[in-house]
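A short write-up of the structure that comes next.
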Amino acid sequence: MIGRLLGELGLRDLRGRRLGDMERRRVTAALFPEGAEFRRFRNRFAALMTMSVLIAVMGLLGDSTAVVIGAMLVAPLMTPVLGVAGALVMGMPRKVATMGLVTLAGAAGAVGLAALVSFVLPGRPEPIPSEVLARTAPNLLDLGIALAAGAAGAYSHIRRQAGEAITGVAVAVALVPPL
Numbered sequence: 742m743i744g745r746l747l748g749e750l751g752l753r754d755l756r757g758r759r760l761g762d763m764e765r766r767r768v769t770a771a772l773f774p775e776g777a778e779f780r781r782f783r784n785r786f787a788a789l790m791t792m793s794v795l796i797a798v799m800g801l802l803g804d805s806t807a808v809v810i811g812a813m814l815v816a817p818l819m820t821p822v823l824g825v826a827g828a829l830v831m832g833m834p835r836k837v838a839t840m841g842l843v844t845l846a847g848a849a850g851a852v853g854l855a856a857l858v859s860f861v862l863p864g865r866p867e868p869i870p871s872e873v874l875a876r877t878a879p880n881l882l883d884l885g886i887a888l889a890a891g892a893a894g895a896y897s898h899i900r901r902q903a904g905e906a907i908t909g910v911a912v913a914v915a916l917v918p919p920l
């Protein structure tokens, strides 16, 4: 029932007009790359995840908020997460699985690379930097932020005119530093 309601909401704009086929195809193509486009997406995703993790680890170890924010802006995890959500709403189980695997691979790769880099970089493990400690105790407020940011991300992905909001969404959600 919720999926049907969300699906119906996704077919209309704010004025209640139905979205055109071109608009729906554009959004679907952006959320679910296939064939050669998926290979380009995968390579771009891996490169940006690697750079984002390196920036995040060094920013966290250096206790630098500005550098951690930079890592958030580079992180590409928003696209596969939106892909999973879009596929769930549209009832596309194969695309849920594909984008879910991309999300899990990105998260696992981020954790693995972060562990490797933190072992290689010189430094003392004590005291734990405040940037790390600030991300270890999520609460209901963080859940509210994640839900609102997800809604803003989905809206800005569907509506090109709101595209400038995606950077703010990336910073608000900040997926890589907590990983």
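Each residue of the sequence shown is one higher than the one before, counting from 742 in our numbering.
Backbone N, C-alpha and C fix where the C-beta goes; we use that ideal spot for every residue, glycine too.
As the structure is a prediction and not an experimental result, all values here were calculated from the model.
Original post:
On the three-state DSSP scale, how would you describe residue 775?
Top reply: coil
Original post:
Which of helix, strand or coil does DSSP assign to residue 784?
Top reply: helix
Original post:
For residue 769, does the three-state DSSP call read helix, strand or coil?
Top reply: helix
Subject >> residue 814 versus residue 793: straight-line alpha-carbon distance, rounded >> reply: 8 angstroms
Subject >> Secondary structure of residue 805, DSSP reduced to three states >> reply: coil
Original post:
Three-state secondary structure (DSSP) at residue 810?
Top reply: helix
**OP:** Could you check if residue 845 is buried or exposed, using at least 16 other CB atoms within 10 Å of its CB as the buried criterion?
**Re:** exposed
Original post:
How close, in whole Å, do the beta carbons of residue 685 and residue 796 come, if the pair is a contact with beta carbons under 8 angstroms?
Top reply: No answer is possible for residue 685: it lies beyond the span of the chain, which begins at 742 and ends at 920.
Original post:
Secondary structure at residue 818, three-state DSSP: helix, strand or coil?
Top reply: coil
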